[in-house]
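Engineer: Submitted below is the structure of interest, expressed as structure tokens.
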Amino acid sequence: MDIKKDFRDFSVKHLGNNGLVTDQYMGMYGPTNLTPYIMEERRLNVAQMDVFSRLMMDRIIFLGTGIDDQVANIVTAQLLFLESADPSKDIQIYINSPGGSVYAGLGIYDTMQIIKPDVATICTGMAASMGAVLLVAGEKGKRSALKHSRVMIHQPSGGAQGVASDMEINLREMLKLKQELYEIIGHHSGQTYEWVEKSSDRDYWMTSEEAKGYGMVDEVLQRNTEKK
């Protein structure tokens, strides 16, 4: 099974994603050629693939960048592809993201909620803004963070210009988005809407232990000291 080729075909032919963007995201033609490649010995040959494709074989998605429309399209395609490959096995998303577009992030969020596999989320480094929303949206009991990770929630930000009526429209939309995000965080964390609103008024940074106490994650992953 060539998972890179299969995923590329699924992403481009079935979901309509741009082929070049898909290739760049998967590390096939990285602009700085820094994407690591690994050699894997198989029974009849030795295969070379980029590390992200190898992780996909283990049903692992790595979200290690800001969230925009292109990134969201690829992550959504990865989720749908892994569901089609085996709807009974969990998917893991490792998150190290400063956040980004709310609309793009909500597309990933909704996909996580409707697919059949449980989606486990792991924060490694930072899950801020929309990244924190995706972190808390993982399957309850399967959300975790590494020891020195940071989680940050805040109210959505944006700007508007033009005539007054257009600015009023944008303001109403911003308030709707804020309400939706607070409801999502409250639903998955177990916190009240009022507390989420109060704590998100400004940047609210949490250590991994604080994020566990808030309900953003269920477990803080640490090295097993008993391991020989």
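Residue numbers (this note's numbering): 73 to 300.
All C-beta atoms, glycine included, are put in the ideal place defined by N, C-alpha and C.
1) Consult DSSP for residue 167 and reduce its assignment to one of helix, strand or coil.
2) Which full runs of the alpha helix (DSSP H) of 4+ residues lie inside the region 127 to 185, going along the chain?
3) What is the residue span of the beta strand (DSSP E) that residue 222 lies within?
4) Verify the CB distance criterion: does residue 183 have a CB-CB separation below 9 Å to chain D?
5) Is the beta carbon of residue 170 closer than 9 Å to that of residue 200?
6) Using DSSP with H/G/I as helix, E/B as strand and the rest coil, what is residue 213?
7) Given that a residue counts as buried once 16 or more other Cβ atoms are within 10 Å of its Cβ, and exposed if not, what is residue 241?
8) Give the C-beta separation of residue 155 and residue 188 to the nearest angstrom, bearing in mind that I take them to be a contact with Cβ-Cβ under 8 Å.
9) Between the alpha carbons of residue 197 and residue 133, how many angstroms are there, rounded?
10) I need the straight-line Cα distance from residue 108 to residue 150, nearest angstrom please.
11) Under the rule that 16 or more other beta-carbon atoms within 10 Å means buried, what is residue 160, buried or exposed?
12) Can you tell me the Cα-Cα spacing of residue 213 and residue 245, whole angstroms?
13) With a cut-off of 8 Å on the beta carbons, I'd call residue 286 and residue 226 a contact; round off their distance for me.
14) Just to check, is the beta-carbon of residue 270 closer than 8 Å to a non-hydrogen atom of the ligand COA?
15) Measure the alpha-carbon distance for residue 135 versus residue 284 and round it to whole angstroms.
16) Can you list, in chain order, the residues of its chain with a C-beta nearer than 8 Å to that of residue 300? Leave out the 5 residues immediately preceding and following it.
17) When the Cα atoms are used, what is the spatial distance from residue 81 to residue 146?
18) Is DSSP giving residue 268 helix, strand or coil here?
Structural biologist: Concretely, from the data shown:
1) On the sequence shown, position 95 is the one that residue 167 refers to. DSSP places residue 167 in strand when its eight states are reduced to three.
2) Here the runs fully enclosed are 141 to 157.
3) One-based indexing of the sequence shown puts residue 222 at position 150. Element bounds for residue 222: 222 to 225.
4) Here chain D cannot be found, since the structure has a single protein chain.
5) As a position in the sequence shown, residue 200 is number 128, starting the count at 1. As a position in the sequence shown, residue 170 is number 98, starting the count at 1. Taking 9 Å as the Cβ cut-off, residue 200 and residue 170 qualify as a contacting pair.
6) For the purposes of this step, residue 213 is identified with residue 141 of the sequence shown, where counting begins at 1. In the structure shown, residue 213 sits in coil (DSSP, three-state: anything other than H, G, I, E or B).
7) For the purposes of this step, residue 241 is taken as residue 169 along the sequence shown, with counting starting at 1. Looking at its Cβ environment, which holds fewer than 16 other Cβ atoms inside 10 Å, residue 241 is exposed.
8) The residue labelled residue 155 in the question sits at position 83 within the sequence shown. The residue labelled residue 188 in the question sits at position 116 within the sequence shown. 6 Å between Cβ atoms; contact.
9) Against the sequence shown, residue 197 aligns to sequence position 125. Against the sequence shown, residue 133 aligns to sequence position 61. Taken atom to atom, the span from the alpha-carbon of residue 197 to that of residue 133 is near 15 Å.
10) For the purposes of this step, residue 108 is taken as the residue at position 36 of the sequence shown. For the purposes of this step, residue 150 is taken as the residue at position 78 of the sequence shown. Low per-residue confidence applies at residue 108: pLDDT is 46, beneath 50, and the placement is therefore not dependable, though the value from the model is reported in the following sentence. CA-CA distance, residue 108 to residue 150, rounds to 20 Å.
11) Within the sequence shown, numbered from 1, the residue matching residue 160 stands at position 88. In the assembly as shown, residue 160 is an exposed residue. Its beta-carbon has fewer than 16 other beta-carbons within 10 Å.
12) The residue given as residue 213 occupies position 141 in the sequence shown. The residue given as residue 245 occupies position 173 in the sequence shown. In a straight line, the C-alpha of residue 213 is about 33 Å away from that of residue 245.
13) Looking up residue 286 in the sequence shown gives position 214. Looking up residue 226 in the sequence shown gives position 154. The Cβ separation is near 14 Å, so there is no contact.
14) Looking for the ligand COA in the displayed structure turns up nothing, as the structure carries no ligands at all.
15) Position 63 of the sequence shown, counted from the first residue, corresponds to residue 135. Position 212 of the sequence shown, counted from the first residue, corresponds to residue 284. Approximately 21 Å, taken between the alpha carbons.
16) The residue given as residue 300 occupies position 228 in the sequence shown. Any reading at residue 300 must be qualified, since the residue scores a pLDDT of 47, below 50, and its modelled position is unreliable; the value itself is stated next. Nothing meets the Cβ criterion.
17) Here residue 81 refers to the residue found at position 9 when the sequence shown is read from its first residue. Here residue 146 refers to the residue found at position 74 when the sequence shown is read from its first residue. Going by the C-alpha atoms only, they are around 12 Å apart.
18) To locate residue 268, count along the sequence shown from 1; it is residue 196. DSSP, reduced to helix, strand and coil, places residue 268 within a helical segment of the structure shown.
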